[in-house]
Amino acid sequence: MIREIAIRLNGEVRRAAVAPNETLLDVLRGKFGVKTPKEGCGRGDCGACTVLLDGKAVRSCLILAIEVDGQSVVTLEGVGKDKPTALQKAFVKNNVFQCGFCAPGMILSSAALLAENPQPTEHEVREALAGNLCRCTGYEPIVATVLEVAKKSAKKKPAARRARS
Amino acid sequence: MSIAHEFDYAKPARLKEALALLARPAPRAAAALAGGSVPLAGGTDLVAWLRDGAVRPGRLVDVKGLAELRGIRLQGGKLWIGAAVPFAEIIESPLVKKHAPVLVESSGMVASVGVRNRATIGGNVCSAVPCCDSGPTLLVHEATVHVATPRGTKRIPMKKWFLGPRRTALAKGGIVLGFSLPLARHAAAFAKLKRYRGEDLAQASVAVRVDAKGAWRVAYGSVAPTPIRGPKVERLLKGVKKPDAALLKKAAALAEAEVAPITDIRSSDVYRRLMVGVMLKRAVKLAAARLAGRGPDYGINVMEEDAQ
Numbered sequence: 008m009i010r011e012i013a014i015r016l017n018g019e020v021r022r023a024a025v026a027p028n029e030t031l032l033d034v035l036r037g038k039f040g041v042k043t044p045k046e047g048c049g050r051g052d053c054g055a056c057t058v059l060l061d062g063k064a065v066r067s068c069l070i071l072a073i074e075v076d077g078q079s080v081v082t083l084e085g086v087g088k089d090k091p092t093a094l095q096k097a098f099v100k101n102n103v104f105q106c107g108f109c110a111p112g113m114i115l116s117s118a119a120l121l122a123e124n125p126q127p128t129e130h131e132v133r134e135a136l137a138g139n140l141c142r143c144t145g146y147e148p149i150v151a152t153v154l155e156v157a158k159k160s161a162k163k164k165p166a167a168r169r170a171r172s
Numbered sequence: 004m005s006i007a008h009e010f011d012y013a014k015p016a017r018l019k020e021a022l023a024l025l026a027r028p029a030p031r032a033a034a035a036l037a038g039g040s041v042p043l044a045g046g047t048d049l050v051a052w053l054r055d056g057a058v059r060p061g062r063l064v065d066v067k068g069l070a071e072l073r074g075i076r077l078q079g080g081k082l083w084i085g086a087a088v089p090f091a092e093i094i095e096s097p098l099v100k101k102h103a104p105v106l107v108e109s110s111g112m113v114a115s116v117g118v119r120n121r122a123t124i125g126g127n128v129c130s131a132v133p134c135c136d137s138g139p140t141l142l143v144h145e146a147t148v149h150v151a152t153p154r155g156t157k158r159i160p161m162k163k164w165f166l167g168p169r170r171t172a173l174a175k176g177g178i179v180l181g182f183s184l185p186l187a188r189h190a191a192a193f194a195k196l197k198r199y200r201g202e203d204l205a206q207a208s209v210a211v212r213v214d215a216k217g218a219w220r221v222a223y224g225s226v227a228p229t230p231i232r233g234p235k236v237e238r239l240l241k242g243v244k245k246p247d248a249a250l251l252k253k254a255a256a257l258a259e260a261e262v263a264p265i266t267d268i269r270s271s272d273v274y275r276r277l278m279v280g281v282m283l284k285r286a287v288k289l290a291a292a293r294l295a296g297r298g299p300d301y302g303i304n305v306m307e308e309d310a311q
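Right, here's the structure in full:
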């Protein structure tokens, strides 16, 4: 059983014929040629396959492509398309990654956090990134940089922190 | 391809269609490969099991879009939580925060943000692994599971829900609609033991709940084939709103005696048994403090150093 699905991938409508047993990760990499989501553990533990589904960080290895027909998916390719975001620039400036395998997931999870909660506490940053494993850095530079970016954005425009109900 | 076997997929718009699909055998080609129809919600367990080949359905019936399975509301004097509500939504719900705040505490410890955005409470309870984080919490709330079947809706008390590892009282072809939780003034706490900070499955978990009269309910996870209640500790603590150190020690000893842990990859049976005593003490102290209007807000884990 093959079905055609249409998703808004990084702002652009893309179509593909998929079988029900193809994961979103399979289809992103194999059919759409989007290679930043990686397969690490294949069971939702490592976060290397993180994508944003309708704005929320999810595990593309645990989602069937057929499930997301009509939804919006953002991968790292869709973040900072024209020029790097403040978060990406800060990650580069602070040289936070070594091998980079976790980087797409880390950037997307951090971006989703900052979009929802622009001024997170350190605990909130660690919580948001707890599902993204990095075997190089010990996490310290990553967490520090997310906090640094949050602090800078607060100075720029002291927007009220979104009330967390 | 990461999932080896083939299956059909259907996303019915109505509950009736979903029930009909679950009752009907899967189409020929797929049925030749595997069994019948299986409901799909968040998929964070199911898709992993499909990849392993542990579950080989002929058809997946995607139920997460069904209106009957969505939403958190007060209904008939109870708190209703739809089966397809993801944990991320439970954590943010003002109604849950008000009426069953320990569910915020336990849901916040389920895996990681990326999983909680997708994984549903109904799926967690249907997966029925011994370490399921919602089990102990729903048990101490004496929640009722509402199940749709082709012959009408059934209500199953939580304590009759879990039959064994990955086995529940859900009859084939049924769909869990959601959970109703009785409302009462109470305080509660959830403690989860993990190998490290961040995401991990529970090595052991303890949920406790105490009402205004000092009636306690206790439940454990990961220390028996299913999440279980702790009747001996409940009887010991009955009527005590401010347990002293001597009583807590007795309660911990009883807790260690009323669980039946095994040794597996995450922990030894002895470690689990001993930690259940420690966890029970901390959880009871925390719930008692909360009942007295003191104690930290919900959303902490007493098993992490900075929570002490």
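Protein chains in written order, with the numbering used here: chain A, 8 to 172; chain B, 4 to 311.
Built from N, CA and C at the ideal position, the CB exists for glycine as well.
What you are looking at is a predicted structure, and each value in this text was computed from that prediction instead of being measured.
Residue environment, residue i, which counts as buried when at least 16 other CB atoms sit within 10 Å
i, result
"B/A91", "buried"
"B/R76", "exposed"
"B/Y301", "buried"
"B/Y199", "exposed"
"B/D55", "exposed"
"A/T82", "buried"
"A/D52", "buried"
"A/D33", "buried"
"B/E308", "exposed"
"B/R62", "buried"
"B/I268", "exposed"
"A/T152", "buried"
"B/D48", "buried"
"A/A161", "exposed"
"B/P160", "exposed"
"B/G296", "exposed"
"A/V103", "buried"
Residue i: contacting residues in chain A (beta-carbon distance under 9 Å)
i, result
"B/S5", "N28, E29, T30, L32, D33, E46, G49 and C68"
"B/H149", "Simply none; closest approach about 24 Å."
"B/T123", "Correct list: empty, because the minimum Cβ distance to chain A is about 13 Å."
"B/R54", "T30, G49, R50, C68 and L69"
"B/T171", "Here the premise fails: no neighbours, minimum Cβ distance about 21 Å."
Enclosing beta strand (DSSP E) for residue i [first to last residue]
i, result
"A/I7", "Nothing can be reported for residue 7 of chain A, as the shown portion of chain A is limited to 8 through 172."
"B/V305", "From DSSP, B/V305 is part of no beta strand (DSSP E); its letter is neither H nor E."
"A/A23", "E19 to V25"
"B/G181", "I178 to P185"
"B/S40", "G38 to L43"
Delimiting residues of the alpha helix (DSSP H) encompassing residue i
i, result
"B/Y274", "D272 to L294"
"A/Q95", "A93 to K100"
"B/K101", "P97 to H102"
"B/P234", "P234 to L240"
"B/W164", "B/W164 -> no alpha helix (DSSP H), and no H or E assigned at all."
"B/H149", "From DSSP, B/H149 is part of no alpha helix (DSSP H) but of the beta strand (DSSP E) over T147 to T152."
Backbone CA spacing between residue i and residue j [nearest angstrom]
i, j, result
"B/M282", "B/L250", "15 Å"
"A/N101", "A/G107", "14 Å"
"B/R27", "B/S40", "8 Å"
"B/L294", "A/V58", "41 Å"
"A/I149", "A/N139", "11 Å"
"A/R36", "A/T43", "8 Å"
"A/E29", "A/G47", "17 Å"
"A/E155", "B/R238", "52 Å"
"B/M278", "B/A207", "8 Å"
"B/L43", "A/Q78", "18 Å"
"B/R119", "B/L204", "13 Å"
"B/R275", "B/V209", "11 Å"
"B/I93", "A/I70", "21 Å"
"A/N17", "A/E74", "18 Å"
"B/D65", "B/K175", "16 Å"
"B/A187", "B/H144", "10 Å"
"A/K38", "A/D76", "15 Å"
"A/E84", "A/V41", "7 Å"
"B/S270", "A/K96", "42 Å"
"B/L22", "B/G79", "25 Å"
"B/S115", "B/L106", "16 Å"
"A/M113", "B/P246", "45 Å"
"B/A35", "A/R66", "Note that B/A35 scores 45 on pLDDT, short of 50, meaning its location in the model is unreliable and no value can be drawn from it."
Contact list for residue i against chain A, beta-carbon separation under 7 Å
i, result
"B/D65", "E74"
"B/D11", "M8 and P27"
Contact list for residue i against chain B, beta-carbon separation under 8 Å
i, result
"A/A137", "S115, V116, R200, G201 and E202"
"A/G54", "S115 and G117"
"A/S116", "V116 and G117"
Chain B contact residues for residue i, given Cβ-Cβ distances below 7 Å
i, result
"A/K63", "N120"
"A/L94", "Going along chain B, no residue has its Cβ under 7 Å from A/L94, so there is no contact; the nearest lies around 16 Å."
Neighbouring residues, chain E, relative to residue i (Cβ below 8 Å)
i, result
"A/G77", "Judged by its chain identifiers, the structure shown contains no chain E, and its protein chains are A and B."
Residue i: contacting residues in chain B (beta-carbon distance under 9 Å)
i, result
"A/T57", "G117"
Residues that residue i contacts on chain A, provided the C-beta gap is smaller than 8 Å
i, result
"B/V50", "T30, C68, L69, I70 and L71"
Sufficient close CB pairs (3 or more, under 8 Å) joining the stretch 254 to 262 of chain B to the stretch 223 to 232 of chain B: yes
At least three beta-carbon pairs within less than 8 Å, the stretch 146 to 156 of chain B to the stretch 177 to 187 of chain B: Yes: the two stretches touch, three or more of their Cβ pairs being nearer than 8 Å.
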